[in-house]
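*Asks:* Take a look at this one; I'll ask things after.
In our numbering, the protein residues as written are 1346 to 1504.
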């Protein structure tokens, strides 16, 4: 069994609904919101023996809110978040993934009523993935060989 399907099973056990993504992070299926799933049979069809594709986590359908910190195109969401935390208070402890571009994804429970996706609205380099959005998750690869990895702990280590 490859790592992609192993992680897909972990995510399914957590109730996260997934979709396959291309190397450019776009959905590999047309109706991803309707067809995202946590059903292991479908996940096997998508991810088993296909390590070149990525795992997208459908945020709203998985009850997730993801802060997407970009580090590219004169943006540094990591520095922007550090500044916001200094001015306010630190974020609560949560799952964090390093992205293929050097950024980070912070995974939180979706707030009641949800939140719309946004780009640079909180601060330059900080995007929101929630209602109507998805986030590419480890161990997916994108346009580089560095890929996505969990930062300091694995999802199955969360109590």
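For every residue, glycine included, the Cβ atom is placed at its ideal position computed from N, Cα and C.
With three or more beta-carbon pairs closer than 8 Å as the criterion, would you say the stretch 1380 to 1393 touches the stretch 1490 to 1499?
*Replies:* Flag = no, the stretch 1380 to 1393 and the stretch 1490 to 1499 do not touch.
*Asks:* Measure from the alpha carbon of residue 1447 to the alpha carbon of each residue in 1349, 1421 and 1354, then state which is nearest.
*Replies:* The shortest Cα separation from residue 1447 among 1349, 1421 and 1354 belongs to 1421.
*Asks:* Could you check if residue 1376 is buried or exposed, using at least 16 other CB atoms within 10 Å of its CB as the buried criterion?
*Replies:* Exposed, because fewer than 16 other Cβ atoms sit within 10 Å of the Cβ of residue 1376.
*Asks:* Is residue 1401 closer than 8 Å to residue 1452 when the C-beta atoms are compared?
*Replies:* Contact flag unset, no.
*Asks:* Name the one or two DSSP bridge partners that residue 1463 has.
*Replies:* 1473, per the DSSP bridge assignment.
*Asks:* Kindly indicate which residue of 1351, 1432 and 1406 has the alpha-carbon position closest to the one of residue 1396.
*Replies:* It is 1351 whose Cα lies nearest to the Cα of residue 1396.
*Asks:* Write down every uninterrupted run of the alpha helix (DSSP H) in the stretch 1411 to 1456 whose length is 4 residues or greater and which is fully enclosed by it, in chain order.
*Replies:* Qualifying alpha helix (DSSP H) stretches, in chain order: 1422 to 1432.
*Asks:* State the Cα-Cα distance for the pair residue 1443 and residue 1483, rounded to the nearest angstrom.
*Replies:* Distance between the alpha carbons of residue 1443 and residue 1483 is about 8 Å.
*Asks:* Can you give the Cα-Cα distance for residue 1355 and residue 1384, rounded to whole angstroms?
*Replies:* Rounded to whole angstroms, residue 1355 to residue 1384 spans 12 Å at the Cα level.
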